[in-house]
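Residue numbers (our numbering): 20 to 168.
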């Protein structure tokens with residue numbers, strides 16, 4: 020199972036001072052001129068299809084420069100603000116795991132059968148081993164028994 024991708028977005032108007040322009044340039048690789056154009060086009064996408072750690076680092080760099088930034092999960096489309104908790108508390112719409120296991124989630128407990136049986140996952144922001152199907156996402160009616168090798 021692969022991890023979701025994340026998008027860094029400009030969420031509103033931002034200063035056009037040299038610090039903000041350099042921060043956008045550092046995150047995107049754009050020139051100062053193109054960085055100004057990107058800031059002028061807010062709200063817009065700064066970078067997309069990033070791992071969570073890279074997206075968080077990019078957003079933090081932009082926020083320190085005064086650029087209003089958000090991170091959006093590519094699976095459930097929820098937005099994560101500075102604190103790392105979702106703005107939208109709606110459930111994750113990912114077909115890959117239950118809501119409590121979504122990386123964009125802030126739930127602290129889960130009542131799925133996997134967590135009831137084996138205990139909560141570390142940090143509750145990761146998913147189970149991809150080689151072991153998660154019972155909450157496996158439909159016994161459509162799952163074929165594995166054949167011996």
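Using N, Cα and C, we set each Cβ at its ideal position, and we do this for glycine too. On a predicted model such as this, the values are computed, not experimentally measured, just so you know.
(message) Count Cβ pairs between the region 85–96 and the region 38–45 that sit closer than 8 Å; are there 3 or more?
(response) The region 85–96 vs the region 38–45: in contact.
(message) I'd like the span of the beta strand (DSSP E) that includes residue 67, first residue to last.
(response) From DSSP, the beta strand (DSSP E) with residue 67 extends over 63–69.
(message) In the DSSP output, what is residue 86 paired with across the bridge?
(response) The bridge partners DSSP lists for residue 86 come to none.
(request) Using DSSP bridges, identify the partner residues of residue 29. (result) Looking at the DSSP output, residue 29 sits in a beta bridge with 63, 88.
(message) Classify residue 42: buried if its beta carbon has 16 or more other beta carbons within 10 angstroms, exposed otherwise.
(response) In the assembly as shown, residue 42 is a buried residue. Its beta-carbon has 16 or more other beta-carbons within 10 Å.
(message) Short of 7 Å in beta carbon distance, which residues of its chain neighbour residue 33, apart from the five on each side in sequence? Order them along the chain.
(response) Correct list, in chain order: 39, 58, 61, 85, 86, 87.
(request) Look up residue 38 in the DSSP assignment and give the residues it is bridged to. (result) DSSP lists no bridge partner for residue 38.
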